[in-house]
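Just below is one structure, and these are the notes that go with it.
And the structure:
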C-alpha cells in the first residue's frame, strides 16, 4: 500500500478524503432521514426511545468524520490510483454483482464459476488450464454444498 | 465436568477436525496476505452440518496453525505470513540466511506450542470464574462493560485513535439497521423485509476479510512474494536443553501474550514486539538480536500464540471479542448455538470444557504436523494470488449464501467487501468496525434496559460497586492513554 504524497487535501483528494467525505454524507443523510426511517410510538415510557441511540451515534460519527476531514486537509493521502487499477476493482465488484444476478437464472455453478474466471482474468491469469481452475472449484463447491452440507444452492 | 468433557474429546471426528484445521491453518498462514481471519470466515459455512465441538475445534485449529504458519514465510522469505510474525522475521530470517532456517522454524514451533499451552491453562482457570462473576451483571453493568471494551479498542488498538473511533462508530451505526431491540420498530429497513434481521455477522465478516482482499489484490496486482531465494533447509535439531535455557523468556513471553490478549482490540502483533523487546533487554548478549538470536524467534512466537487463549477469555466469558479473529470465532460459537457470554458456562459447560481440552491437546498434533509440513509449506509460499483468489471469490459467494440460503446475504457480503477494500486502502482499521458492529446493538439494548429500569435516571450507572469499578477503569484507561500520548509528543 503506497503512501507517496501524491494525494492530499481537497485539491488532490485521496482514499482517506474520499472515505471521510462519503461517511460524512452518509451520517448527514442518516440524521436527516432519521424521523422518516424510524417511527416511534410513545406509550408514556420514560428514557430513550428507538431513535435516541441512532441519533447520538450518527451525530458522533458526523463530528469525528468532520474532524478527520479537517485534519486531512494538510495531510498526505493515499492516492486514488490510475483508472486501470480502479477499473480492475470495478470489474471484480461487477463480476460479483453479475454472479448475484446470474445465480437465480442459471444456477450457483454458472454464477460462481463466471465470477471466478473474471477474477482470474483481472488478476492477470492468461493460461487456459489455470483459467479452468474456477470451473473445477465451483463444481466441487456446488456438489459438496448440495450433497454434503444439504444447502439448497440456486 | 473435566472428565466428562475429556470423554467428549475422545471422538474420532474431533481428532479429524483438529488435524484438518491445523494443516489448513499452517498452509493458509504460510501464504502471505491470507490470515487466519479470512480462513476462519470462509470455513464457518463448512462447519454448519458438524457437531459444535468438532466444528469449533476445526476453526480453532486453523487459528493455531495459521499463527505458526505465518512464521514459515517470515523465517524463510522475510515476508511475514501474518502481521504478528513480523517480529519473528527479524531474527528468524537472519538465522535462515546463516543456513539455520530449519532450527529457526523448530524454535518457532516449540515456542508456539508452549505459548499455546500456557494460554489454554490460563483460559481454563480464568474464563469460568469471570463468567460466574458476570452472572451478577445487570443491564447497567453490561452497558458499562461494553463501553469499557469499545474504549479500550479505540485507545489501545494501535494506530490513529480518531480512525479507530470512526470505525467503531461505523460498526455501531451499521448495527442499528434492523428491528429495534426493545420496541421492535423497523430502523433504516427501507420498508424491506430482508433488512429487518439487520446485517448478518458471517456475510459481513466474509466481505470485510475475504472479498476485500480479492479487491485489494485486483487493485495492486503485485505478487505477494517476489523472486526471493529460499535459503536451503539443512537437517537440524533443537535440544530440550536449549529450550530449557530460554525458559524465563518463554514464560515471560507467554504471560505477556496471554494477558495482553485478554485486553480487547490489541491483537497479537503488539505482544509479539513487546516480548521481543523484553527478551532483548534481558539478554546478556543483546547485540546478537537482529543477527539471528534464537531468543528473538522464541519470544515473539510464544507471545503471539499465547494471545489465542488470552483473547478467548473475554470472548467466551463476557461475549466481548478481543480482536478480529476472536470476533469471527464468536460468530462461529453463536452459529452453533453456543452464545458466548456469562450464561455459556452454565448452559454449555460440557461443550466449552471439551473445546478447551481439545485445544490444549491439539498441541501434540501441532508439533507433529508442524515438523511434517514446514518443508511442504515452503512451496505454498510461492502460490500467486491469481491462482488462489478466484477460489476465494467462489467460496465467499458460497459462504455468504449458505448462512440463510439467501441471495440478500451475498449482496451484503459484496457490499461489505467493497467497503472493506475502501477502508483498508485508506488505512482505516477494520477490526474496530467489526467489534463496533458486534457490540453496538447489545450496548444500546443494555443501556436502554438500564434506563427503563431506573425510570430514566442516570444514577443507575453509579449505583453498584461493579459499575463504579468499571467507571474507574474507564477513567484510568483515558488517563493512561493521555499520559502515553503526552510522553510520545514530548519525545
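Chains as they are written, first to last, in full-length UniProt numbering: chain A, 1 to 154; chain B, 1 to 491.
Glycine is no exception: its CB is placed at the ideal position from the N, C-alpha and C atoms.
Rounded straight-line distance, which links the Cα of residue 66 of chain B to that of residue 46 of chain B
Numbered from its first residue, the second chain carries residue 46 of chain B at position 46. Numbered from its first residue, the second chain carries residue 66 of chain B at position 66. Cα-Cα distance, rounded: 18 Å.
Rounded straight-line distance, which links the Cα of residue 203 of chain B to that of residue 452 of chain B:
Taking the first residue of the second chain as 1, we reach residue 452 of chain B at position 452. Taking the first residue of the second chain as 1, we reach residue 203 of chain B at position 203. Taking the straight line from one Cα to the other gives about 33 Å.
Which residues in chain B sit within 7 Å of residue 60 of chain A, going by Cβ to Cβ distance?
Taking the first residue of the first chain as 1, we reach residue 60 of chain A at position 60. Simply 169.
CB contact check: residue 404 of chain B to chain A, cutoff 8 Å
For the purposes of this step, residue 404 of chain B is identified with residue 404 of the second chain, where counting begins at 1. Judged by the 8 Å Cβ criterion, residue 404 of chain B is not in contact with chain A.
Delimiting residues of the alpha helix (DSSP H) encompassing residue 144 of chain B
Within the second chain, numbered from 1, the residue matching residue 144 of chain B stands at position 144. First-last of the alpha helix (DSSP H) with residue 144 of chain B: 139 to 156.
Going along chain A in order, which residues have a C-beta closer than 9 Å to the C-beta of residue 20 of chain B?
What you label residue 20 of chain B is simply residue 20 of the second chain in a count that begins at 1. The contacting residues do not exist; residue 20 of chain B stays about 14 Å from chain A at best.
Does the beta carbon of residue 146 of chain A sit closer than 8 Å to a beta carbon anywhere in chain B?
Locating residue 146 of chain A in the first chain gives position 146, where the first residue counts as 1. False, the Cβ-Cβ gap to chain B never drops below 8 Å.
Residue from B/352, B/121, B/110 and B/80 whose Cα sits closest to the Cα of residue 360 of chain B
Translated into the one-based positions of the second chain, residue 360 of chain B becomes position 360. It is B/121.
Every unbroken beta strand (DSSP E) inside the stretch 265 to 313 of chain B [3 residues or more]
none
Figure out for me which residue from B/283, B/478, B/161 and B/442 has the closest Cα to the Cα of residue 248 of chain B.
For this step, residue 248 of chain B is matched to residue 248 along the second chain. Nearest of B/283, B/478, B/161 and B/442 to residue 248 of chain B, Cα basis: B/283.
Does any residue of chain B have a CB that is nearer than 8 Å to the CB of residue 47 of chain A?
The count along the first chain starts at 1 and reaches residue 47 of chain A at position 47. Taking Cβ atoms only, chain B reaches closer than 8 Å to residue 47 of chain A, which makes this a yes.
List, in order along the chain, the chain B residues whose C-beta lies closer than 7 Å to that of residue 37 of chain A?
To locate residue 37 of chain A, count along the first chain from 1; it is residue 37. Simply 187 and 188.
Closest Cβ-Cβ distance between residue 137 of chain A and chain B: below 8 Å?
Position 137 of the first chain, counted from the first residue, corresponds to residue 137 of chain A. So yes, residue 137 of chain A belongs to the interface.
Only counting the same chain, and skipping five residues up and downstream in sequence, which positions put a Cβ closer than 8 Å to that of residue 15 of chain A?
As a first step, residue 15 of chain A is located in the first chain; it is residue number 15 there, counting from the start. Excluding residues within five positions, the ones whose Cβ falls inside 8 Å are 7, 77, 78, 79 and 80.
For residue 187 of chain B, three-class secondary structure by DSSP
One-based indexing of the second chain puts residue 187 of chain B at position 187. Three-state result, residue 187 of chain B: strand.
Neighbour-count burial assignment, residue 104 of chain A, 16 or more Cβ in a 10 Å radius:
Looking up residue 104 of chain A in the first chain gives position 104. Looking at its Cβ environment, which holds fewer than 16 other Cβ atoms inside 10 Å, residue 104 of chain A is exposed.
Alpha helix (DSSP H) segment containing residue 138 of chain A, residue limits
Here residue 138 of chain A corresponds to residue number 138 of the first chain, with the count starting at 1. It spans 133 to 143 - the alpha helix (DSSP H) in which residue 138 of chain A sits, taken as one unbroken run.
If you run the structure through DSSP and keep just helix, strand and coil, what is residue 179 of chain B?
Taking the first residue of the second chain as 1, we reach residue 179 of chain B at position 179. Correct three-state label for residue 179 of chain B: strand.
Buried or exposed: residue 281 of chain B, going by 16 or more other Cβ atoms within 10 Å of its Cβ?
By 1-based counting over the second chain, the position of residue 281 of chain B is 281. Classification of residue 281 of chain B: exposed, given that the 10 Å Cβ count is below 16.
DSSP three-state label for residue 196 of chain B, please.
Here the question's residue 196 of chain B lines up with position 196 in the second chain. Helix, per DSSP.
Members of the stretch 253 to 275 of chain B near chain A, C-beta cut-off 9 Å
none
Report the residue from B/54, B/472, B/394 and B/401 whose alpha carbon sits nearest the alpha carbon of residue 139 of chain A.
Start at 1 with the first residue of the first chain, and residue 139 of chain A comes out as number 139. Comparing Cα positions, the closest option is B/394.
Identified DSSP bridge partners for residue 38 of chain A:
The sequence position of residue 38 of chain A within the first chain is 38, counting from 1. For residue 38 of chain A, which the question treats as bridged, DSSP gives the partners B/187.
Chain B partners of residue 57 of chain A, CB-CB under 8 Å?
Counting from one through the first chain, the residue named residue 57 of chain A turns up at place 57. Near residue 57 of chain A (Cβ distances below 8 Å), the residues of chain B are 169, 172, 173, 176 and 440.
Determine the chain B residues that contact residue 68 of chain A at a beta-carbon separation under 8 Å, and present them in chain order.
Position 68 of the first chain, counted from the first residue, corresponds to residue 68 of chain A. Neighbours of residue 68 of chain A on chain B, chain order: 162, 163 and 166.
For residue 128 of chain B, which of helix, strand or coil comes out of DSSP?
Walking along the second chain from the start, residue 128 of chain B turns up at place 128. Reduced to three states, the DSSP call for residue 128 of chain B is helix.
Of the residues that make up the stretch 92 to 109 of chain A, which ones have a beta carbon closer than 9 Å to any beta carbon in chain B?
92, 93, 95, 96, 97, 99, 100, 103, 104 and 108
I'd like to know if the stretch 336 to 354 of chain B and the stretch 161 to 180 of chain B are in contact, where contact means that at least 3 CB-CB pairs between them fall below 8 Å.
no
Go ahead and pull the three-state DSSP assignment for residue 51 of chain B.
Indexing the second chain from 1 puts residue 51 of chain B at position 51. Coil.
Tell me the DSSP secondary structure of residue 49 of chain A in three-state form.
Here the question's residue 49 of chain A lines up with position 49 in the first chain. Residue state, collapsed to three classes: coil.
Listed in chain order, which residues of the stretch 383 to 395 of chain B have Cβ atoms closer than 8 Å to some Cβ of chain A?
385, 386, 387, 389, 390, 391, 393, 394 and 395
If you measure between the beta carbons of residue 56 of chain B and residue 332 of chain B, is that distance less than 8 Å?
In the second chain, residue 56 of chain B corresponds to position 56, counting from 1. In the second chain, residue 332 of chain B corresponds to position 332, counting from 1. Yes, these two residues count as a Cβ contact at 8 Å.
Roughly how many angstroms lie between the CA atoms of residue 1 of chain A and residue 421 of chain B, to the nearest whole one?
Here residue 1 of chain A refers to the residue found at position 1 when the first chain is read from its first residue. Here residue 421 of chain B refers to the residue found at position 421 when the second chain is read from its first residue. With a pLDDT of 45 at residue 1 of chain A, under the threshold of 50, the predicted position of this residue should be treated as unreliable, though the coordinate-derived value follows. Roughly 12 Å between the two C-alpha positions.
Chain B contacts made by the stretch 114 to 134 of chain A, where a contact means CB separation under 8 Å
115, 116, 117, 119, 120, 122, 123, 124, 125, 130, 133 and 134
In chain B, which residues lie less than 8 Å from residue 28 of chain A when you measure between Cβ atoms?
Within the first chain, the letter at position 28 stands for residue 28 of chain A. Here the premise fails: no neighbours, minimum Cβ distance about 12 Å.
Leaving aside the five residues before and after residue 111 of chain A along the sequence, list all residues of the same chain whose C-beta is less than 6 Å from its C-beta, in chain order.
Here the question's residue 111 of chain A lines up with position 111 in the first chain. If we look at residue 111 of chain A and ignore the five residues flanking it on each side, its Cβ neighbours are 99, 102 and 103.
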